[in-house]
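Participant:
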Amino acid sequence: MTVHAGRGFACINYPIGMNLGGDPSQALVHSTPDGKFMVTLSAIDLGQGMKSVCRQIAAEALGVPLEDVYVDTADSDTGPHDMGSFASRGTHRMGNAVIRAASEARAQMLEAAAEELEVSAADLDTDGKGNIQVKGAPSKTITVADTAIAAQFKQGRTLSGRGIFLIEPSGVDWDTGEMSPVTTYAHAALVIDLTVDDETGEVEVHQINSAYEVGRALNPKLVEQQLIGGAWMGVSHALYETTEPYYPARDHLPQDFNTYLMPGPGETVPHDIAVLERPAADAPYGGKGPGEMCANPVLPAIANAVYNAVGVRVDKLPITPEKILRGLQAIGGAKPGPRHPGMSG
Numbered sequence: 014m015t016v017h018a019g020r021g022f023a024c025i026n027y028p029i030g031m032n033l034g035g036d037p038s039q040a041l042v043h044s045t046p047d048g049k050f051m052v053t054l055s056a057i058d059l060g061q062g063m064k065s066v067c068r069q070i071a072a073e074a075l076g077v078p079l080e081d082v083y084v085d086t087a088d089s090d091t092g093p094h095d096m097g098s099f100a101s102r103g104t105h106r107m108g109n110a111v112i113r114a115a116s117e118a119r120a121q122m123l124e125a126a127a128e129e130l131e132v133s134a135a136d137l138d139t140d141g142k143g144n145i146q147v148k149g150a151p152s153k154t155i156t157v158a159d160t161a162i163a164a165q166f167k168q169g170r171t172l173s174g175r176g177i178f179l180i181e182p183s184g185v186d187w188d189t190g191e192m193s194p195v196t197t198y199a200h201a202a203l204v205i206d207l208t209v210d211d212e213t214g215e216v217e218v219h220q221i222n223s224a225y226e227v228g229r230a231l232n233p234k235l236v237e238q239q240l241i242g243g244a245w246m247g248v249s250h251a252l253y254e255t256t257e258p259y260y261p262a263r264d265h266l267p268q269d270f271n272t273y274l275m276p277g278p279g280e281t282v283p284h285d286i287a288v289l290e291r292p293a294a295d296a297p298y299g300g301k302g303p304g305e306m307c308a309n310p311v312l313p314a315i316a317n318a319v320y321n322a323v324g325v326r327v328d329k330l331p332i333t334p335e336k337i338l339r340g341l342q343a344i345g346g347a348k349p350g351p352r353h354p355g356m357s358g
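Just so you know, we're using the numbering used here here: the sequence shown kicks off at 14 and counts up by one.
1) Going by the CB atoms, is the gap between Tyr253 and Pro313 shorter than 7 Å?
2) If you run the structure through DSSP and keep just helix, strand and coil, what is Tyr10?
3) With distances taken Cα to Cα, identify the nearest neighbour of Ser249 among Gly97, Val282, Asp264.
4) Ends of the beta strand (DSSP E) at Lys153?
5) Entirely within the region 229-281 and at least 4 residues each: give me those alpha helix (DSSP H) ranges in chain order.
6) If you draw a straight line from the C-alpha of Gly350 to the C-alpha of Thr104, how long is it?
7) Report the option in Phe166, Ala347, Ile112 whose CA atom is closest to the CA atom of Val66.
8) Would you identify the three-state DSSP class for Val327, choosing helix, strand or coil?
9) Can you tell which of Val319, Ala224, Ser44, Thr256 has its C-alpha closest to the C-alpha of Ala118?
10) Using DSSP bridges, identify the partner residues of Arg321.
11) Taking all protein chains shown into account, decide if Tyr27 is buried (16 or more other Cβ within 10 angstroms of its Cβ) or exposed.
12) Any idea which residues DSSP pairs Thr139 with across the strands?
13) Any heavy atom of the ligand PLP within a distance shorter than 6 Å of the CB on Pro278?
14) In whole angstroms, give me the CA-to-CA distance for Gly358 and His17.
15) Using alpha carbons as the reference points, say which of Gly60, Thr86, Arg291, Ile241 lies closest to Leu41.
16) Helix, strand or coil for Ser183? Go by DSSP, reduced to three states.
17) From Phe99 to Gly108, what distance separates their C-alpha atoms?
18) Indicate whether the contact test is met: 3 or more Cβ pairs, each with one atom in the region 284-295 and one in the region 223-235, closer than 8 Å.
19) Give me the Cα-Cα distance between Lys301 and Asn232, rounded to the nearest whole angstrom.
20) Can you give the Cα-Cα distance for Thr272 and Arg263, rounded to whole angstroms?
21) At the 7 Å Cβ level, is Ala126 part of the contact set with chain C, yes or no?
22) With three or more C-beta pairs closer than 8 Å as the rule, is the region 149-159 touching the region 125-140?
23) Output the distance between the C-alpha atoms of Leu179 and Gly35, rounded to the nearest integer angstrom.
24) Give the single residue among Ala115, Arg68, Thr256, Ala199 whose Cα lies nearest to the Cα of Phe270.
25) In whole angstroms, what is the alpha-carbon distance linking Ile162 and Gln61?
26) Arg175 to Ala120, Cα distance in whole Å?
27) What is the residue span of the beta strand (DSSP E) that Ile344 lies within?
28) Touch check for the region 316-329 and the region 79-97: three-plus C-beta pairs under 8 Å?
29) Roughly how many angstroms lie between the CA atoms of Val84 and Ala115, to the nearest whole one?
30) Measuring alpha carbon to alpha carbon, tell me which of Val157, Glu124, Glu131, Glu128 ends up nearest Asp140.
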């Protein structure tokens, strides 16, 4: 028995959203009587942090404290239209819609404050702390809460906005038929270090190193956690998840999550991440978000690492011990590839 070390590399150029019918997202923003703001969306937070990021975007566009903004995604029947939470489109599409809705609500808020302060709305600005003040005369001020009260109970107006983000149709080269289905891309490169046991076919991942370009990281901690979790989903897909019988058993395939094989906390490994920020011109505050790209490069990187370790090219997922052992039998035993600095075995 020999345990062979392998290193695999993969990179990805990943589209953000799609071009189906303009891929629209809509958002509504309105003020409560006490000066808080509610953002209404119909896209769902699947755990990726979409609500947190949209909350940040709305607070920035409104010029109010983050704690004064709430996000509601409860009901797609009564909320504004959205294509959905898929295609890594959340930050880009929903974020742009939120900026437009919040900007419209902000304009109404400044108009209401201008009426109370008897100045032009163009002379007003927010301090991000819940106050609206005259530019150059910060002592002449009114709180956002008092502005909301005056707007709704004195002036008879609402502080609200709606935002619709729709991408332009792709241009078509009529000579070649070529077109681009999306407006922006995210990028990543990832390296996997693992070992393969040539007697059992077992694979053990030891280290993940990655670099992701996600535009501007609007919430760096959420980005990091999504990249870590997404990469481990890729490991699960590459090495574990299947409805086939578990080798060497030939009994019934998994039928529920009690028997469906997935890695647990005990299988996690160190993951060093470099987030490269290159703000996108058409993205909300430059942010594109990581999305599904978190998991995608892991699969080919593991396949390449297995090939580097023992010379077996597995082209069907998951990469199970059975497939590795059959591959080793076909090539007459392990044939390790080039060694790399830092590898063992």
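We treat Cβ as the ideally placed atom computed from N, Cα and C, and that holds for glycine.
Facilitator: Once the coordinates are examined:
1) Position 300 of the sequence shown, counting from 1, holds the residue named residue 313. Position 240 of the sequence shown, counting from 1, holds the residue named residue 253. Cβ atoms of Pro313 and Tyr253: not closer than 7 Å.
2) Nothing can be reported for residue 10, as the shown portion of the chain is limited to 14 through 358.
3) Position 236 of the sequence shown holds residue 249. Among Gly97, Val282, Asp264, the Cα nearest to that of Ser249 belongs to Val282.
4) Numbered from its first residue, the sequence shown carries residue 153 at position 140. That run of the beta strand (DSSP E) goes 150-156.
5) 233-252
6) Here the question's residue 350 lines up with position 337 in the sequence shown. Here the question's residue 104 lines up with position 91 in the sequence shown. Taking the straight line from one Cα to the other gives about 41 Å.
7) The count along the sequence shown starts at 1 and reaches residue 66 at position 53. Of the candidates Phe166, Ala347, Ile112, the one whose C-alpha sits nearest the C-alpha of Val66 is Ile112.
8) Stepping through the sequence shown from its first residue, residue 327 is reached at position 314. If DSSP states are grouped into helix, strand and coil, Val327 belongs with coil.
9) Counting from one through the sequence shown, the residue named residue 118 turns up at place 105. Comparing Cα positions, the closest option is Ser44.
10) Here residue 321 refers to the residue found at position 308 when the sequence shown is read from its first residue. Reading the sequence as shown, one finds Asn at residue 321 and not Arg. Per DSSP, none; premise fails for Asn321.
11) Indexing the sequence shown from 1 puts residue 27 at position 14. So Tyr27 counts as buried.
12) By one-based count along the sequence shown, residue 139 stands at place 126. Answer is Ile145, bridged to Thr139.
13) Absence of the ligand PLP is noted for the structure shown, with no ligands found whatsoever.
14) Along the sequence shown, one-based indexing puts residue 358 at 345. Along the sequence shown, one-based indexing puts residue 17 at 4. Its pLDDT being 49, under 50, Gly358 is placed unreliably by the model, and the measurement read from it follows with that caveat. Taking the straight line joining both Cα atoms gives about 5 Å.
15) Position 28 of the sequence shown holds residue 41. Measuring from the Cα of Leu41, the nearest candidate turns out to be Thr86.
16) Numbered from 1 along the sequence shown, position 170 holds the residue referred to as residue 183. Residue state, collapsed to three classes: coil.
17) Taking the first residue of the sequence shown as 1, we reach residue 99 at position 86. Taking the first residue of the sequence shown as 1, we reach residue 108 at position 95. Cα to Cα, Phe99 sits roughly 14 Å from Gly108.
18) yes
19) Mapped onto the sequence shown, residue 301 falls at position 288. Mapped onto the sequence shown, residue 232 falls at position 219. So the alpha carbons of these two residues sit roughly 11 Å apart.
20) One-based indexing of the sequence shown puts residue 272 at position 259. One-based indexing of the sequence shown puts residue 263 at position 250. In a straight line, the C-alpha of Thr272 is about 14 Å away from that of Arg263.
21) In summary, chain C is missing from the structure at hand, where a single protein chain is found.
22) yes
23) Counting from one through the sequence shown, the residue named residue 179 turns up at place 166. Counting from one through the sequence shown, the residue named residue 35 turns up at place 22. If I take the Cα positions, the gap works out to 5 Å.
24) As a position in the sequence shown, residue 270 is number 257, starting the count at 1. The option with the nearest alpha carbon to Phe270 is Thr256.
25) Indexing the sequence shown from 1 puts residue 162 at position 149. Indexing the sequence shown from 1 puts residue 61 at position 48. Between Ile162 and Gln61, the C-alpha separation is close to 35 Å.
26) The residue labelled residue 175 in the question sits at position 162 within the sequence shown. The residue labelled residue 120 in the question sits at position 107 within the sequence shown. Rounded to the nearest angstrom, the two C-alpha atoms are 12 Å apart.
27) Sequence index remark: in the sequence shown, residue 344 carries index 331 (1-based). Note, Ile344: premise wrong, no beta strand (DSSP E); alpha helix (DSSP H) at 334-344.
28) no
29) What you label residue 84 is simply residue 71 of the sequence shown in a count that begins at 1. What you label residue 115 is simply residue 102 of the sequence shown in a count that begins at 1. Roughly 12 Å between the two C-alpha positions.
30) Taking the sequence shown and counting its residues from 1, one reaches residue 140 at position 127. The shortest Cα separation from Asp140 among Val157, Glu124, Glu131, Glu128 belongs to Val157.
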